[in-house]
Every structure is written in C-alpha cells, then in structure tokens.
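Q: I'd like to ask some things about the structure below.
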Amino acid sequence: MLEAKQVGIELVWGDICTWLRGDAWVEQQLASVQSQDENTAKLMRLQQFKTSQVQAKIGKVQEGFEGGMYTLDEAKRRIAQYQVTIATAEEEIQRLQESVRAWSSGRDIQTMREELKALRDRNLDHATFEDKLDIISKLGMKVYPSEDLKSMKVACQLNLDQVHSDSGSSIIDSSK
10 MLEAKQVGIE
20 LVWGDICTWL
30 RGDAWVEQQL
40 ASVQSQDENT
50 AKLMRLQQFK
60 TSQVQAKIGK
70 VQEGFEGGMY
80 TLDEAKRRIA
90 QYQVTIATAE
100 EEIQRLQESV
110 RAWSSGRDIQ
120 TMREELKALR
130 DRNLDHATFE
140 DKLDIISKLG
150 MKVYPSEDLK
160 SMKVACQLNL
170 DQVHSDSGSS
180 IIDSSK
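Set out below in structure tokens:
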C-alpha cells in the first residue's frame, strides 16, 4: 500500500508544483506583508497615543497634588505607575520599529517578490517525500491511484478554479 501511495504522490506532485508556482501565491504573501506593515504602523500610533494620554494623567496628578487632592506619597505612587506604563509603551514602540526596520532594510517590493519566488521554487524542487506528503495534506488533497497504477483521482478541498482558471474542477482524472 505504501508503494501505491508513493506512486500516487509522485504522479500528482508535478501538477501541484504547477499550481503552487503560480504568482498568485507570491502576490498574496506580499499583500500580507504590506498589510502587516500597515498594522504595525497603527500599533505604533496607538502606543504613542497611549503615551500622550498617560502624560496628561501625570499632569493632572501634579495639579491635584498642588491643589491638595493628593498627598506626596499618593502622588509619587500614581506618577510612578504612570511612568511604568509610559516605559512599557515606549519599549513596544521600539520593538515595533525594529521589526519594521528588519523587514524593510533595503528591500523593495520587487526584490522581496524575487526572493519569495526563489524560496518557493527551491522548496518545491528539493522537497522530500515527507515534505510532499505534508504539503498535499495541508492543501486538503487526497490522491487515489487505481489498482493498476495507470490512472488516479485527486480530490482537493481548495477551489482550484479560482487559483488557476485552466483547471477543470476540484476532482481531477489524470492518466499518467
């Protein structure tokens, strides 16, 4: 049974590679990276807003101390708590800026696109049997070779019509 499974996987691997080599996957990853950059910028603005709000609260505590609302110990305690919050927010801003710098350090979109394509091709070309089996199972594909191993059926949970318009359906009859 293992031999039939290996034969089925190897027979369908060429088709799977063709589907996965489509640039739609690379473009989707680039869009994801760009979206992540936008989200990181939003998170940085949120942390900066948080810092300015806490600084305003420190000013109110100082005014409250001067107005007699807080004792010296109470004012110091509150200000210390707010300063810890500001330090935490500033550390988060630094971490986010470092992650943006790491991603964008001299890379433009075209360079990143080429790197993703090279990585994709290298991973597909040098995949072991276990890697192929893992990819096929993650894609929700089932390979059913015939008993004579001359044909097979491939069932796929993906809508391959959307991925590549030249595929007929999500169940493929291949004679190889």
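Residue numbers are given in my numbering: position 37 of the sequence shown equals residue 46, and the series is strictly consecutive. Backbone N, C-alpha and C fix where the C-beta goes; we use that ideal spot for every residue, glycine too. All values reported here derive from a predicted model rather than from experimental measurement.
#1: With DSSP run on the structure shown, which of helix, strand or coil describes Ala-159?
#2: Classify Met-150: buried if its beta carbon has 16 or more other beta carbons within 10 angstroms, exposed otherwise.
#3: In whole angstroms, give me the CA-to-CA distance for Ser-33 and Lys-59.
#4: Is the CB-CB distance between Leu-105 and Met-53 below 8 Å?
#5: In angstroms, rounded to a whole number, what distance separates the CA positions of Thr-49 and Lys-69?
#6: Give the straight-line distance between the Cα atoms of Ile-180 and Gln-166, rounded to the nearest whole angstrom.
#7: I'd like to know whether the C-beta atoms of Lys-51 and Tyr-91 end up nearer to each other than 8 Å.
#8: In the DSSP assignment, find the beta strand (DSSP E) that holds Met-150 and state where it starts and stops.
#9: To the nearest angstrom, report how far apart Leu-81 and Glu-75 are at their CA atoms.
#10: What span of residues does the alpha helix (DSSP H) with Gln-43 cover, start to end?
A: Quick answer:
#1: Locating residue 159 in the sequence shown gives position 150, counting from the first residue. It is worth fixing the name first, because residue 159 is Lys in this sequence and not Ala. Reduced to three states, the DSSP call for Lys-159 is coil.
#2: Against the sequence shown, residue 150 aligns to sequence position 141. With 16 or more other Cβ atoms inside 10 Å of its own Cβ, Met-150 counts as buried.
#3: Against the sequence shown, residue 33 aligns to sequence position 24. Against the sequence shown, residue 59 aligns to sequence position 50. Here residue 33 turns out to be Ala, not Ser, going by the sequence shown. Computed Cα separation, rounded: 39 Å.
#4: Stepping through the sequence shown from its first residue, residue 105 is reached at position 96. Stepping through the sequence shown from its first residue, residue 53 is reached at position 44. Yes, Cβ-Cβ distance for Leu-105 and Met-53 is below 8 Å.
#5: Here the question's residue 49 lines up with position 40 in the sequence shown. Here the question's residue 69 lines up with position 60 in the sequence shown. A straight-line Cα-Cα distance of about 30 Å links Thr-49 and Lys-69.
#6: Stepping through the sequence shown from its first residue, residue 180 is reached at position 171. Stepping through the sequence shown from its first residue, residue 166 is reached at position 157. At Ile-180 the pLDDT is 39, less than 50, meaning the model places this residue with poor confidence; the figure from the coordinates comes in the next sentence. Here the alpha carbons of Gln-166 and Ile-180 stand approximately 9 Å from one another.
#7: Counted from its first residue, the sequence shown places residue 51 at position 42. Counted from its first residue, the sequence shown places residue 91 at position 82. Contact: no.
#8: By 1-based counting over the sequence shown, the position of residue 150 is 141. If you look at Met-150, you'll find it in the beta strand (DSSP E) that goes 150-154.
#9: Counting from one through the sequence shown, the residue named residue 81 turns up at place 72. Counting from one through the sequence shown, the residue named residue 75 turns up at place 66. Rounded to whole angstroms, Leu-81 to Glu-75 spans 10 Å at the Cα level.
#10: Taking the first residue of the sequence shown as position 1, residue 43 is located at position 34. The continuous alpha helix (DSSP H) containing Gln-43 extends over residues 32-75.
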